[in-house]
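Take full-length UniProt numbering: the final residue in the sequence shown is number 221, and no numbers are missing along the way.
I have placed the structure first, in the form of structure tokens, so that the comments after it can refer back to it.
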Amino acid sequence: MRITHLDHACLLVDVADQRILIDPGVFSELEDLTGLTAVVVTHQHPDHLDPERIDALLDANTDARVLMEADTAESVEDAGYADRVEVLRDATSVALGDGTVELTGVGERHADIHPYVPRIGNTGVVVRAADEPVLYHPGDALDGEPGEVDLLGVPVSAPWGKVAEAIAFVRRIAPSRAIVPIHDGLLNEQGRGMYVTHIGDFGADGGVEVLDLRGAGPTEV
């Protein structure tokens with residue numbers, strides 16, 4: 001498996017000859033991305049789905065499957081690519097590459113931001129392939145139940161979150177290998193470092209390994 005952090009919540013996952021892009025939002029580096037097998041969108045917020053650039057991205061990847069959480073799929077029903085959209089649902093799996101890769105939806109609701117913003121749908125995704133690490137990207141929710149995973153995408157900072165909740169999330173899921181910091185586009189480098197250090201130091205008794213991919217380019221895991 002090779003993972004590239006394309007800023008904020010966006011991960012590009014190359015595994016078993018499949019190329020999966022998760023959450024291409026407004027903070028993400030989306031230019032010149034080709035050869036995608038699937039584009040996965042956990043929810044409709046623009047930092048996870050950029051309405052200005054998604055058309056060009058999909059035009060450049062005409063064979064990519066487009067998997068979106070249910071509310072998100074409904075929100076783009078008037079878009080030019082709407083006929084390509086498949087709904088990614090909780091506890092439902094989608095096979096890529098004749099079954100070599102399995103994408104499984106996790107959860108249904110976005111984390112609560114505050115009482116004045118209605119909650120929307122959110123479905124995270126687990127990426128599995130034989131003899132490869134299992135990766136869970138939760139989108140914007142910390143209550144999903146992905147089962148056993150090796151690599152856990154952890155939202156570092158968000159209007160809906162705090163570091164204590166991120167630490168509790170890591171401890172509950174207990175990834176076997178490492179956490180991957182994501183959802184960090186609102187932080188400067190110094191502030192981000194403080195958050196990541198707290199989560200890594202206290203995400204398990206004795207700490208948890210941090211696989212920090214920000215600015216690292218494609219990384220074999």
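Each residue gets a CB set at the ideal place from its N, CA and C atoms; glycine is no exception.
Simplified DSSP state of MET194, which is helix, strand or coil: Start at 1 with the first residue of the sequence shown, and residue 194 comes out as number 194. In the structure shown, MET194 sits in a helix (DSSP, three-state: H, G or I).
For LEU6, three-class secondary structure by DSSP: In the sequence shown, residue 6 corresponds to position 6, counting from 1. Note: LEU6 maps to coil in three-state DSSP.
Extent of the continuous beta strand (DSSP E) to which ARG14 belongs: Counting from 1 along the sequence shown, the entry for residue 14 is found at position 14. Sequence inspection shows Asp at residue 14; the Arg mentioned does not correspond to that position. ASP14 -> beta strand (DSSP E) spans 11 to 15.
Beta-carbon separation (whole angstroms), ASP17 vs ARG2, contact threshold 8 angstroms: As a working note, residue 17 is residue 17 in the sequence shown. As a working note, residue 2 is residue 2 in the sequence shown. About 11 angstroms separates the two Cβ atoms, so there is no contact after all.
Straight-line Cα distance separating SER176 from ASP150: Counted from its first residue, the sequence shown places residue 150 at position 150. Counted from its first residue, the sequence shown places residue 176 at position 176. The straight-line gap from Cα to Cα measures roughly 5 angstroms.
With 16 other Cβ atoms within 10 Å as the buried cut-off, status of ASP131: One-based indexing of the sequence shown puts residue 131 at position 131. Burial call: exposed.
Opening and closing residue of the alpha helix (DSSP H) in which VAL149 lies: On the sequence shown, position 149 is the one that residue 149 refers to. First-last for VAL149: undefined, no H or E at that position.
Beta-carbon proximity check, HIS43 vs ILE120, cutoff 8 angstroms: The count along the sequence shown starts at 1 and reaches residue 43 at position 43. The count along the sequence shown starts at 1 and reaches residue 120 at position 120. Cβ distance < 8 angstroms, so HIS43 and ILE120 count as in contact.
Residue burial classification, HIS114 (beta-carbon count within 10 angstroms, cutoff 16): By 1-based counting over the sequence shown, the position of residue 114 is 114. With fewer than 16 Cβ atoms within 10 Å of its Cβ, HIS114 is classed as exposed.
Where the beta strand (DSSP E) containing THR104 begins and where it ends: To locate residue 104, count along the sequence shown from 1; it is residue 104. Counting along the chain, the beta strand (DSSP E) containing THR104 begins and ends at 101 to 106.
Whether LEU29 touches LEU6 by CB criterion (8 angstroms): Translated into positions along the sequence shown, residue 29 becomes position 29. Translated into positions along the sequence shown, residue 6 becomes position 6. A small fix is needed here, since residue 29 is Glu in this sequence, not Leu. Yes.
Classification of GLU69 by the beta-carbon crowding that lies within 10 angstroms, buried from 16 upward: In the sequence shown, residue 69 corresponds to position 69, counting from 1. With 16 or more other Cβ atoms within 10 Å, it is buried.
Among GLY25, ILE20 and ARG19, nearest to HIS8 - alpha-carbon criterion: Walking along the sequence shown from the start, residue 8 turns up at place 8. Answer by Cα proximity: GLY25.
Beta strand (DSSP E) segments (min. 3 residues) lying fully within the region 81 to 142: 85 to 87, 93 to 96, 101 to 106, 124 to 129 and 135 to 137
Reduced DSSP secondary structure (H/G/I, E/B, other) of ALA174: Numbered from 1 along the sequence shown, position 174 holds the residue referred to as residue 174. It is coil, neither helix nor strand.
Contact check, ARG65 vs ALA38, beta carbons under 8 angstroms: Counting from one through the sequence shown, the residue named residue 65 turns up at place 65. Counting from one through the sequence shown, the residue named residue 38 turns up at place 38. Yes, the Cβ-Cβ distance between ARG65 and ALA38 is below 8 angstroms.
Euclidean distance between Cα positions of LEU11 and LEU57: Against the sequence shown, residue 11 aligns to sequence position 11. Against the sequence shown, residue 57 aligns to sequence position 57. Roughly 15 angstroms separates the two Cα atoms.
Burial state of ASN188 (16 or more Cβ within 10 Å): The residue you call residue 188 lines up with position 188 of the sequence shown. Exposed, by the Cβ-count rule.
ARG172, buried or exposed, once every other Cβ within 10 Å from all chains shown has been counted against 16: Against the sequence shown, residue 172 aligns to sequence position 172. Looking at its Cβ environment, which holds fewer than 16 other Cβ atoms inside 10 Å, ARG172 is exposed.
DSSP state of GLU220 mapped onto helix, strand, coil: Locating residue 220 in the sequence shown gives position 220, where the first residue counts as 1. In this structure, GLU220 counts as strand in the three-state DSSP scheme.
Same chain, Cβ closer than 8 angstroms to LEU142, neighbours up to 5 away in sequence not counted: Numbered from 1 along the sequence shown, position 142 holds the residue referred to as residue 142. Result list for LEU142: ALA111, PRO155, GLY161, GLU165, ALA166, ALA168 and PHE169, in chain order.
beta-carbon THR37 near the ligand SAH non-hydrogen atom, thresh 7 angstroms: This structure does not include the ligand SAH; it has no bound ligands of any sort.
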